[in-house]
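Asker:
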Amino acid sequence: MKLRQLPLKNLLRRPGRTAALVLLTAFLALSVFCGSVVVRSLQSGLDSLEARLGADIIVMPATAESKVSFKNMLLQGTTGAFYMDASVLEKVREVEGVAIAAPQTFLASLKADCCAVKVQVIGMDPATDFTVKPWIDRSTSRALEEMDVAVGCDVTADVGEDLRIYGLNTHVVAKLAETGTGLDTAVYCTLDTMKRLLAAAEEKGVGHKITSDTSDMISAVYVKVAEGYDVDAVNNALNGHVRKVTAVRARSMFTDVSDSLTGISQTVALLIGAVWVLAFVILLIAFAMMVNERRREFAVLRLLGASRRGLSRLMLAESALCSLAGGMIGVGVAALAVFPFATLIETRLGLPYLTPPAREILAMAAGTMLATLLVGALASAWSAWRLSRTDVGIALREGV
Amino acid sequence: MILKAENLSKRYMRKTGQANYFHAVKGVSLGLRRGELTVLMGRSGSGKTTLLHMLSGLLTPSEGVVRLGDADLYSMDDEALSRLRNKKIGVVPQGRSAIDSLTVLENVLLPGTMYGSGDEKEALRWLDALEIAHLAGARPAELSGGELRRMALARALARKPAVLLADEPTGDLDDVSTERVLTALKDVTRNSGTAVLIVSHDTEATRYADVLYRMDGGMLKEESLICRADA
Chain A
29 MKLRQLPLKN LLRRPGRTAA LVLLTAFLAL SVFCGSVVVR SLQSGLDSLE
79 ARLGADIIVM PATAESKVSF KNMLLQGTTG AFYMDASVLE KVREVEGVAI
129 AAPQTFLASL KADCCAVKVQ VIGMDPATDF TVKPWIDRST SRALEEMDVA
179 VGCDVTADVG EDLRIYGLNT HVVAKLAETG TGLDTAVYCT LDTMKRLLAA
229 AEEKGVGHKI TSDTSDMISA VYVKVAEGYD VDAVNNALNG HVRKVTAVRA
279 RSMFTDVSDS LTGISQTVAL LIGAVWVLAF VILLIAFAMM VNERRREFAV
329 LRLLGASRRG LSRLMLAESA LCSLAGGMIG VGVAALAVFP FATLIETRLG
379 LPYLTPPARE ILAMAAGTML ATLLVGALAS AWSAWRLSRT DVGIALREGV
Chain B
564 MILKAENLSK RYMRKTGQAN YFHAVKGVSL GLRRGELTVL MGRSGSGKTT
614 LLHMLSGLLT PSEGVVRLGD ADLYSMDDEA LSRLRNKKIG VVPQGRSAID
664 SLTVLENVLL PGTMYGSGDE KEALRWLDAL EIAHLAGARP AELSGGELRR
714 MALARALARK PAVLLADEPT GDLDDVSTER VLTALKDVTR NSGTAVLIVS
764 HDTEATRYAD VLYRMDGGML KEESLICRAD A
């Protein structure tokens with residue numbers, strides 16, 4: 029028999045009370061871990077979206093928002109298209125403060141015989157693009173050639189397969205990393221490929237309302253502002269100098285997303301705080317009751333030679349074992365709830381949601397365990413202190 | 564003298580609304596010698612158990628000193644006193660003192676594991692001597708009051724203490740078990756040189772006493788020393 033086995037034996041001796049303590053700490057761990065993962069995933073999603081866009085300003089046709097919400101395209105993968113004359117690109121480049129201007133052309137495929145999947149097709153110019161190109165380069169060393177496409181991670185096509193869009197077979201050469209946004213369901217190609225796809229769409233009679241030559245159409249221009257220039261000033265200049273377009277700051281498109289994220293983070297933090305306080309108070313009462321119930325037992329331990337510190341250690345060890353078991357169960361259950369249902373959470377929240385990398389999740393799990401241990405230790409510390417001050421003589425006379 | 568108490572007092576304040584002290588023990592001086600069995604008799608509430616707790620280092624006296632060998636128990640810090648109690652003082656308290664989560668053998672081994680490892684052979688020897696070896700693997704809840712008392716005694720004796728303080732060690736026992744326990748204590752006193760103090764109501768214990776004290780109203784008067792073997 030080893031003395032270090034005593035806390036575990038004590039806990040196993042009273043399975044009902046132990047189970048209640050473990051469940052309580054499990055609930056605490058579950059709420060902390062779930063909340064942390066969801067908030068971090070939302071933050072990652074937003075960061076990823078901003079990184080993927082990479083632009084300071086986005087220039088779109090003035091009528092674009094009446095056709096499709098650009099934000100919904102980005103966040104939820106809503107398909108849609110709007111067009112403006114390609115000459116806008118040159119006008120944008122002429123504006124002072126514009127360092128890089130990269131065009132993109134959009135096309136929505138259909139859920140019909142002509143198309144394998146209903147996705148947003150985005151054509152970009154590999155020579156100037158600074159938003160999608162770096163992500164494609166990370167996935168493949170091969171440059172996109174005509175009829176090559178790179179697909180978002182949620183598109184049901186793998187590298188090497190063909191993807192039929194408006195009756196044309198495109199070749200998947202890269203699958204991009206997850207962003208947790210609508211961009212994960214998009215297909216990327218060069219502007220040359222896009223011209224062929226637009227023509228094919230025209231042939232199929234899809235009403236994209238393309239009134240002029242498809243080779244002269246673009247949907248948006250992504251602008252990188254030169255160093256030393258104020259983004260707002262450049263944005264205003266674009267709106268002033270280029271007609272029939274709307275220039276918006278990329279960040280402003282996500283202001284409400286960011287606000288929602290802040291709101292959700294605050295709510296989650298508040299809930300976690302409330303659960304913490306509740307768990308702490310309940311654990312405090314539970315440990316205090318346990319000490320009262322076991323006063324004689326602890327007095328006997330003192331009589332046998334246990335020091336005050338030794339008794340406190342015993343008490344803290346019992347609390348640590350409960351917290352450890354509860355923490356592991358809580359984190360485990362939370363993991364089962366939060367990871368398989370990530371897509372559902374994303375859909376319900378309507379916000380970019382990107383599960384953080386494994387090492388970050390492990391760090392959050394470790395932090396949750398630490399927090400659970402801490403609340404258990406704090407709750408039992410008072411009882412341990414009270415216990416160490418108990419008059420052994422009086423405790424031994426009780427219940428004789 | 565292995566254990567010596569000088570002018571030991573314990574006062575408690577009664578909650579009567581005004582300062583009103585009650586002396587549980589008042590000005591007691593006594594000594595326990597190696598190889599001597601001392602019996603302390605007295606009515607309920609006479610202060611016997613309070614005195615025993617002070618002698619075992621569990622209850623700080625209001626006044627007076629308790630020395631075990633050269634060590635003044637109440638000038639030591641808690642860690643040192645607890646370690647000393649574990650190694651040198653065996654205490655058998657009144658009533659139940661088993662740790663319910665442990666088996667009988669584990670209970671007997673427990674004091675030894677606190678600052679080292681328990682001596683299982685010695686533990687089994689004492690369980691056997693007190694005729695409860697067959698209960699070594701049983702839980703305390705499965706034992707009778709008498710068996711629990713013997714288990715507590717085995718637990719104290721297995722540490723080979725210099726001083727053994729037993730509070731009503733025959734309280735729950737029948738005549739046969741009482742005789743067995745008292746004989747065991749007498750044997751320990753003689754064979755191991757342990758100083759034994761038994762606090763008891765049981766007049767049977769007086770038959771085994773080398774020294775007999777009587778306590779009344781918290782006081783142990785000179786005239787209460789009824790006999791001393793070498794006196």
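As they're listed, the protein sequences go chains A and B. Numbering of the first sequence is given in our numbering, commencing with residue 29 and proceeding in unit increments. Numbering of the second sequence is given in our numbering, commencing with residue 564 and proceeding in unit increments. We treat Cβ as the ideally placed atom computed from N, Cα and C, and that holds for glycine.
(1) Pop quiz: Arg574 (chain B) and His586 (chain B) are said to be a contact at Cβ under 8 Å. What is the actual Cβ separation, rounded to whole angstroms?
(2) Report the neighbours of Lys358 (chain A) on chain B: residues whose CB is nearer than 7 Å to its CB, in chain order.
(3) Within 10 angstroms of its Cβ, does Asn197 (chain A) collect 16 or more other Cβ (buried), or is it exposed?
(4) Show which residues of chain B have a CB atom less than 9 Å away from the CB atom of Lys37 (chain A).
(5) Check whether the Cβ atoms of Ile86 (chain A) and Val149 (chain A) sit closer than 8 Å, and answer yes or no.
(6) Compare the C-beta of Leu687 (chain B) against all C-beta atoms of chain A and say whether one is closer than 8 Å.
(7) Where are the alpha helix (DSSP H) runs, 4 residues long or more, that stay fully inside the segment 69-98 of chain A, in chain order?
(8) Less than 8 Å between the C-beta atoms of Val249 (chain A) and Ala130 (chain A), yes or no?
(9) Taking DSSP as the reference, what is the three-state secondary structure of Gln33 (chain A)?
(10) Below 6 Å CB to CB, which residues in the same chain sit around Ala362 (chain A) once its five sequence neighbours on both sides are set aside?
(11) Leu571 (chain B) touches chain A at which residues, Cβ-Cβ below 8 Å?
(12) What does the alpha-carbon distance come out to for the pair Leu728 (chain B) and Leu614 (chain B)?
(13) According to DSSP, what are the bridge partners of Glu554 (chain B)?
(14) Please look up how many angstroms separate the CB atoms of Thr218 (chain A) and Met152 (chain A), rounded, as I've assumed it's under 8 Å.
(15) Return the CA-CA distance between Leu783 (chain B) and Ala747 (chain B), expressed in angstroms with no decimal places.
(16) Beta-carbon within less than 8 Å of Ser625 (chain B)'s beta-carbon, same chain only, minus the 5 sequence neighbours each way: which residues are those?
(17) Determine whether the Cβ of Ala568 (chain B) lies closer than 8 Å to any Cβ atom of chain A.
(18) In whole angstroms, what separates the C-alpha of Leu424 (chain A) from that of Glu683 (chain B)?
(19) DSSP on Arg577 (chain B), reduced to helix/strand/coil?
(20) Give the range of the beta strand (DSSP E) segment to which Thr21 (chain A) is assigned.
(21) By how many angstroms is the C-alpha of Val200 (chain A) removed from the C-alpha of Gly44 (chain A)?
(22) Does the distance from the CB of Val215 (chain A) to the CB of Val259 (chain A) come in under 8 Å?
(23) By how many angstroms is the C-alpha of Val50 (chain A) removed from the C-alpha of Gly354 (chain A)?
(24) Which residues mark the beginning and the end of the beta strand (DSSP E) in which Ser592 (chain B) is found?
(25) I'd like to know if Pro724 (chain B) contacts chain A, where contact means its C-beta is closer than 8 Å to some C-beta of that chain.
(26) Can you say whether Glu786 (chain B) is buried or exposed, counting buried as having 16 or more other CB atoms within 10 angstroms of its CB?
(27) By Cβ distance, which residues of its chain are closer than 8 Å to Leu266 (chain A), with the 5 residues on each side in sequence left out?
(28) Measure from the C-beta of Gly421 (chain A) to each C-beta in chain B and report whether the shortest distance is under 8 Å.
(29) By the 10 Å Cβ neighbour count, where 16 or more other Cβ atoms means buried, how is Ala254 (chain A) classified, buried or exposed?
(30) Is any heavy atom of the ligand ADP found at a distance shorter than 7 Å from the C-beta of Ala229 (chain A)?
(31) Using CA coordinates, which residue listed in A:Ser115, A:Ala345 and A:Phe158 is at the minimum distance from Glu78 (chain A)?
(32) Taking its Cβ as the centre, do 16 or more other Cβ atoms sit within 10 Å of Glu346 (chain A), making it buried, or is it exposed?
(33) Just the C-alpha distance for Arg596 (chain B) and Trp410 (chain A), rounded to the nearest angstrom, thanks.
(34) Can you tell which of A:Ala393, A:Gly358, A:Arg336 and A:Ile310 has its C-alpha closest to the C-alpha of Arg677 (chain B)?
(35) Can you find a C-beta in chain A that's less than 8 Å from the C-beta of Val541 (chain B)?
(36) Do you know whose CA, among A:Gly360, A:Ala316, A:Thr400 and A:Ala386, lies nearest Leu415 (chain A)'s CA?
Answerer: Let's see:
(1) 5 Å
(2) Note that residue 358 (chain A) is Gly in the sequence shown here, rather than Lys. Under the 7 Å cutoff, chain B gives no residues; its nearest Cβ is about 26 Å from Gly358 (chain A).
(3) exposed
(4) Ile662, Ser664, Leu665 and Glu669
(5) no
(6) no
(7) 92-95
(8) yes
(9) helix
(10) Leu58, Phe61 and Cys62
(11) Residues of chain A passing the Cβ test: none, with the nearest at roughly 13 Å.
(12) 10 Å
(13) The requested residue 554 (chain B) does not occur in the structure, where chain B is confined to residues 564 to 794.
(14) 7 Å
(15) 27 Å
(16) Ser572, Lys573 and Arg574
(17) no
(18) 27 Å
(19) coil
(20) Outside the displayed range of chain A (29 to 428) lies residue 21 (chain A), so it cannot be described from this structure.
(21) 58 Å
(22) no
(23) 4 Å
(24) Tyr584 to Leu595
(25) no
(26) Because the pLDDT of Glu786 (chain B) is 45, which lies under 50, any placement of that residue in the model is unreliable, and the number read from its coordinates should be weighed accordingly. Exposed: under 16 other Cβ atoms inside 10 Å.
(27) Ile85, Val87, Val120, Val123, Val126, Val251, Val273 and Ala275
(28) yes
(29) exposed
(30) Looking for the ligand ADP in the displayed structure turns up nothing, as the structure carries no ligands at all.
(31) A:Phe158
(32) buried
(33) 42 Å
(34) First, the residue type needs correcting, since residue 677 (chain B) is Met and not Arg in the sequence shown. The option with the nearest alpha carbon to Met677 (chain B) is A:Arg336.
(35) This structure leaves residue 541 (chain B) out entirely; chain B is present only between 564 and 794.
(36) A:Ala316
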